[in-house]
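Here is the structure we will look at.
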Amino acid sequence: MDFLSREEVISGMNHSLEPMLERYKLDEVGIYEEEGEGETYYMGYTIKKDNKVFMVHLPYEKNQQGELAVKDSNWTIQIEGNEMKNCKTLDQVFNQIDRIGH
Numbered sequence: 018m019d020f021l022s023r024e025e026v027i028s029g030m031n032h033s034l035e036p037m038l039e040r041y042k043l044d045e046v047g048i049y050e051e052e053g054e055g056e057t058y059y060m061g062y063t064i065k066k067d068n069k070v071f072m073v074h075l076p077y078e079k080n081q082q083g084e085l086a087v088k089d090s091n092w093t094i095q096i097e098g099n100e101m102k103n104c105k106t107l108d109q110v111f112n113q114i115d116r117i118g119h
């Protein structure tokens, strides 16, 4: 498992915001993060598309130094208290979001 500082993870994610906004025709996109239970930490994106807000994230493991490593490479989509899991790629995530939006 490759651990990175939180800042390094966020920096990498920040570089993908503008291309993601254009590629998937989003209204808005930002960084999402949430402290989970124990050593679990969630990082991903808050996405607004077609007046709906989605949280899209991966689970990370947080070590004692506060560094993060991807725990599972399956994306989770959250909207209005519901979850969809096991999207393998961001393309799959956005295909699901497009289905929900229509």
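In the working numbering, the protein residues as written are 18 to 119. For glycine and all other residues, C-beta sits at the position ideal for the given N, C-alpha and C.
(request) Indicate whether the contact test is met: 3 or more Cβ pairs, each with one atom in the segment 21 to 39 and one in the segment 96 to 106, closer than 8 Å. (result) no
(request) Would you list the one or two residues that DSSP bridges to E51? (result) Y59
(request) Starting from the C-beta of K65, find all residues in its chain whose C-beta is less than 7 Å away, skip the five residues before and the five after it, and write them out in chain order. (result) L43, D44, E45
(message) Just to confirm my understanding: we take E11, look at its own chain, exclude 5 residues before and 5 after, and list those with CB closer than 7 Å. What are they?
(response) Outside the displayed span of the chain (18 to 119) sits residue 11, for which this structure offers no information.
(request) Please look up how many angstroms separate the CB atoms of V73 and V110, rounded, as I've assumed it's under 8 Å. (result) 5 Å
(message) How far does the beta strand (DSSP E) with M101 in it extend, from its first residue to its last?
(response) 99 to 104
(request) Consult DSSP for E84 and reduce its assignment to one of helix, strand or coil. (result) coil
(message) Taking 6 Å as the cut-off, is the C-beta of W92 nearer than that to any heavy atom in the ligand PLP?
(response) Among the components modelled here there is no ligand, and therefore nothing to report on the ligand PLP.
(request) Could you pull out every residue in the same chain whose Cβ sits closer than 8 Å to the Cβ of Y77, ignoring the five residues on either side in sequence? (result) V26, T57, Y58, Y59, M60, L85, A86, V87, K88
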